[in-house]
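One structure is given below, encoded as structure tokens.
4 protein chains.
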Amino acid sequence: MGKKIFETEFKVRDYECDIQGIVNNANYMHYTEITRHEFLESIGISFLKCHLAGIDPVVARADLRYKTSLTCGDSFLSSLTVEQKGPKIIFHQTIRRKSDGAVCCIATVEVATLVNGKLSRGEYFEEKLWDWL
Amino acid sequence: MGKKIFETEFKVRDYECDIQGIVNNANYMHYTEITRHEFLESIGISFLKCHLAGIDPVVARADLRYKTSLTCGDSFLSSLTVEQKGPKIIFHQTIRRKSDGAVCCIATVEVATLVNGKLSRGEYFEEKLWDWL
Amino acid sequence: MGKKIFETEFKVRDYECDIQGIVNNANYMHYTEITRHEFLESIGISFLKCHLAGIDPVVARADLRYKTSLTCGDSFLSSLTVEQKGPKIIFHQTIRRKSDGAVCCIATVEVATLVNGKLSRGEYFEEKLWDWL
Amino acid sequence: MGKKIFETEFKVRDYECDIQGIVNNANYMHYTEITRHEFLESIGISFLKCHLAGIDPVVARADLRYKTSLTCGDSFLSSLTVEQKGPKIIFHQTIRRKSDGAVCCIATVEVATLVNGKLSRGEYFEEKLWDWL
Numbered sequence: 051m052g053k054k055i056f057e058t059e060f061k062v063r064d065y066e067c068d069i070q071g072i073v074n075n076a077n078y079m080h081y082t083e084i085t086r087h088e089f090l091e092s093i094g095i096s097f098l099k100c101h102l103a104g105i106d107p108v109v110a111r112a113d114l115r116y117k118t119s120l121t122c123g124d125s126f127l128s129s130l131t132v133e134q135k136g137p138k139i140i141f142h143q144t145i146r147r148k149s150d151g152a153v154c155c156i157a158t159v160e161v162a163t164l165v166n167g168k169l170s171r172g173e174y175f176e177e178k179l180w181d182w183l
Numbered sequence: 051m052g053k054k055i056f057e058t059e060f061k062v063r064d065y066e067c068d069i070q071g072i073v074n075n076a077n078y079m080h081y082t083e084i085t086r087h088e089f090l091e092s093i094g095i096s097f098l099k100c101h102l103a104g105i106d107p108v109v110a111r112a113d114l115r116y117k118t119s120l121t122c123g124d125s126f127l128s129s130l131t132v133e134q135k136g137p138k139i140i141f142h143q144t145i146r147r148k149s150d151g152a153v154c155c156i157a158t159v160e161v162a163t164l165v166n167g168k169l170s171r172g173e174y175f176e177e178k179l180w181d182w183l
Numbered sequence: 051m052g053k054k055i056f057e058t059e060f061k062v063r064d065y066e067c068d069i070q071g072i073v074n075n076a077n078y079m080h081y082t083e084i085t086r087h088e089f090l091e092s093i094g095i096s097f098l099k100c101h102l103a104g105i106d107p108v109v110a111r112a113d114l115r116y117k118t119s120l121t122c123g124d125s126f127l128s129s130l131t132v133e134q135k136g137p138k139i140i141f142h143q144t145i146r147r148k149s150d151g152a153v154c155c156i157a158t159v160e161v162a163t164l165v166n167g168k169l170s171r172g173e174y175f176e177e178k179l180w181d182w183l
Numbered sequence: 051m052g053k054k055i056f057e058t059e060f061k062v063r064d065y066e067c068d069i070q071g072i073v074n075n076a077n078y079m080h081y082t083e084i085t086r087h088e089f090l091e092s093i094g095i096s097f098l099k100c101h102l103a104g105i106d107p108v109v110a111r112a113d114l115r116y117k118t119s120l121t122c123g124d125s126f127l128s129s130l131t132v133e134q135k136g137p138k139i140i141f142h143q144t145i146r147r148k149s150d151g152a153v154c155c156i157a158t159v160e161v162a163t164l165v166n167g168k169l170s171r172g173e174y175f176e177e178k179l180w181d182w183l
């Protein structure tokens, strides 16, 4: 488990860069979020439909290590592998600059699932995740 | 070291809440950033002036654990303690909901300092940090 | 109508400044939004409670004229007057730099009210607005 | 002038939707900005390089009319035409939902050009704009 890789590509938006001329740290949180949502969509899970059905994946922990800064004009590859650990889904995510493959950010994101506001055993995503893995 | 506490108060802005009705995770990164910058300002360090002088503190690692979600209308207390560890400054940060003191987010943020784009030994902030501690 | 002024104060957050070293234009939209919501709250209207009750004020038009740029460290005064025009509420908003009163942004924002997703005649806010005016 | 159309496609990011379940108004400002920057890039003008050379296009006025709301999962087409009016460049921008062509936002954005912080006659972009038009 955790070997199969989902990867997608994005481009830095100029407004995401701050006064230091580099992408502001909080935006990497956004990048990892949209990558997870694109991944979920690719295996048939819609964040919006889940929410409307009372099923809300929420981030319990996010650990981001920043290596190389992205800046205006950069494209980047955002990849993830998935691991299920008890009731949590662990996403191992990497963001690499497209031009040279430099690692920009390595993130470990733990996601718990709320059902009608209460912590679940994670069974709602299990089947589709196993199909993918 | 690390015992003295800096604390400030903020209020959730409605646009910071996402479709789940809670503050989006990336905004806690913003909250911890503005708290650090308010702290630095309180001890006489301006983020902007530093940048213009070629001194840029950058986040090397941010580890955020999410406990209780903030939502529209919530006020919260954001506090930090500081620890110097070799060339890095480690900020231990906590965000608590004001109404009941519930812990919302616990973050450990490691900051390195670039001088003209190169990693420094952290000496630029040392003196003022020691004065405060 | 439209003479009474609501005013509140904010401070620029460093992450709101972009690579040009000034507050990114989109953030003025945020500033005007939080000012309207603070105003509504001051007269007893909660954006969240309205939403949960199926009443959603939505911006139909926003016209922003940018005069002086705000930057890191700036505090600013954000004021508004209100005018009701048929089913719409018109907010006349001004953002001024606190240090010297320089006008930064003048905005006219037209708000319509949806009730269960359908355009209403604006009667839900009328009474409280009239009480204030 | 103003007849030639530049168009690009984006997809709503879930974090751009707020508690009302629709894209927050400020994000349309971001959408129009990235469209202008993509356009400038397509005719050989880099926002970052301009900034580093002391040339900063800044928005003097933005007038946005909101028609249909975008939500999670929506893709949209963002188009613009250009008009030069004295020292200003006027962008006429339209955002349409991809699935059915519904007009979501119509924006008129006036851009002035600062050279070393002073308002210019707009000559820096003129030639490339004329080549494109």
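Chains as they are written, first to last, in the working numbering: chain A, 51 to 183; chain B, 51 to 183; chain C, 51 to 183; chain D, 51 to 183. Using N, Cα and C, we set each Cβ at its ideal position, and we do this for glycine too. Fair warning: this is a prediction, and the values are worked out from it, not measured in the lab.
heavy atom of the ligand ATP below 7 Å from residue i C-beta
| i | result |
| --- | --- |
| Asp113 of chain D | What this structure holds is no ligand at all, so the ligand ATP is not there to describe. |
Pick from the options that is closest to residue i, judged by C-alpha positions
| i | options | result |
| --- | --- | --- |
| Val165 of chain C | C:Val132, C:Arg111, C:Cys100 | C:Cys100 |
| Glu176 of chain B | B:Gln134, B:Thr118, B:Gly94 | B:Gln134 |
| Ile156 of chain C | C:Lys148, C:Thr144, C:Ser149 | C:Thr144 |
| Asp181 of chain D | D:Ala76, D:Lys61, D:Gln70, D:Ser92 | D:Ser92 |
| Gly151 of chain D | D:Glu160, D:His80, D:Ser129, D:Ile140 | D:Ser129 |
| His80 of chain A | B:Ser149, B:Ala76, B:Phe60 | B:Ala76 |
Cutoff 7 Å; reference residue i; Cβ partners in own chain excluding five residues on either side
| i | result |
| --- | --- |
| Lys53 of chain A | Thr131 |
| Ala162 of chain C | Val108, Ala110, Pro137, Lys138, Leu169 |
| Phe141 of chain B | Arg86, Leu130, Val132, Val159, Val161 |
| Ile95 of chain C | Phe175, Lys178 |
| Leu90 of chain A | Phe97 |
Cutoff 6 Å; reference residue i; Cβ partners in own chain excluding five residues on either side
| i | result |
| --- | --- |
| Asp68 of chain B | Asn74 |
| Glu88 of chain D | Thr58 |
Simplified DSSP state of residue i, which is helix, strand or coil
| i | result |
| --- | --- |
| Ile139 of chain A | strand |
| Ile84 of chain B | helix |
| Leu183 of chain D | coil |
| Ala152 of chain A | coil |
| Lys61 of chain B | strand |
| Lys168 of chain C | strand |
| Gly52 of chain C | With a pLDDT of 47 at Gly52 of chain C, under the threshold of 50, the predicted position of this residue should be treated as unreliable, though the coordinate-derived value follows. Gly52 of chain C: coil per DSSP, three-state reduction. |
Distance between residue j and residue i (C-alpha atoms, nearest Å)
| i | j | result |
| --- | --- | --- |
| Gly104 of chain C | Asp64 of chain D | 21 Å |
| Leu183 of chain B | Ile84 of chain C | 36 Å |
| Arg171 of chain A | Phe56 of chain A | 24 Å |
| Cys122 of chain B | Phe97 of chain A | 21 Å |
| Leu102 of chain B | Gln70 of chain C | 12 Å |
| Glu66 of chain C | Gly167 of chain C | 32 Å |
| Asp106 of chain B | Asp106 of chain C | 43 Å |
| Ala112 of chain A | Thr82 of chain A | 10 Å |
| Phe60 of chain B | Leu114 of chain A | 24 Å |
| Ser149 of chain B | Ser149 of chain C | 33 Å |
Contacting residues, own chain, Cβ-Cβ under 8 Å from residue i (five flanking each side not counted)
| i | result |
| --- | --- |
| Cys154 of chain B | Tyr78, Tyr116, Lys117, Thr118, Ser119, Leu120, Phe126, Ile145, Arg146, Arg147 |
| Glu173 of chain D | none |
| Val62 of chain D | Val73, Leu120, Thr121, Cys122, Gly123, Asp124, Ser125, Phe126 |
Beta strand (DSSP E) runs wholly inside the stretch 97 to 124 of chain D, at least 3 long, in chain order: 105 to 116
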